[in-house]
C-alpha cells in the first residue's frame, strides 16, 4: 500500500520536530520522522559554560524553514501522542526543502536512523546549533522532565 501524500497548509509549529497542519477533516499534529529535536523547554550549554534556550531556537528554526506552508507530507502511522508521523517538504515538490534533513543539518536535532546521518555529521563538524556546546539527548531529557498536560491533545478522528 503506498504512503499517503498530502499537500497541506501549515497552522502552527509546536517545537523543533512537531507541527500542526490543516486537512479537510480538521487540524492534525505531525511529528517529523528520522530526527529528534531538542524539546521546547530544553536548554543547552555554550562553550563558555552559559546556558541558552536551544529548544526555543529549534522551534524558531523549524518555523522559519516551513514558512507559511503549504507543505507536502508523506503521512505514516501515529505515534504514542496521536501525532501523524511524516516526512515533510516545502513546495515546490520535489525540489523543496526536506524539513527533517535541514533541521538536522542546522544542528537543531539528532538523527534517529540512517536517513540523516550525513547531515548530523556535518552539523557536528561545523559545531552548528546544539553541537556548539553541551546538551542532553532529547530522549534522555524527556525521560527526566514531565510533558505538559496541554501538549497531549488527541486529534478529533482518534
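Residue numbers (UniProt numbering): 1 to 158. All C-beta atoms in this analysis are idealised placements derived from N, C-alpha and C, irrespective of residue type, glycine included.
When the beta-carbon positions are compared, residue 129 and residue 121 stay at least 8 Å from each other. Judged by pairs of C-beta atoms under 8 Å, the region 65-73 touches the region 88-101, as three or more such pairs exist.
Residues of the same chain with a CB within less than 6 Å of the CB of residue 135, apart from the 5 flanking positions on each side, are 44 in chain order. Check the Cα spacing between residue 12 and each of 116, 144, 67 and 140: the tightest is with 67.
Secondary structure at residue 107: coil, using DSSP grouped into helix, strand and coil. Beta-bridge annotation (DSSP): residue 29 is paired with 20.
At the C-beta level, residue 32 and residue 100 come within 8 Å of one another.
Counting along the chain, residue 10 sits inside the beta strand (DSSP E) bounded by residues 10-15. One thing to note: residue 15 has its Cβ within 8 Å of the Cβ of residue 59. Taking the CA atoms as reference points, residue 105 sits about 9 Å from residue 117. For the 8 Å CB-CB criterion, residue 36 and residue 97 do not form a contact. Here DSSP, grouped into helix, strand and coil, assigns residue 45 to strand. Taking all protein chains in view, the Cβ of residue 9 is surrounded by fewer than 16 other Cβ atoms within 10 Å, so the residue is classified as exposed.
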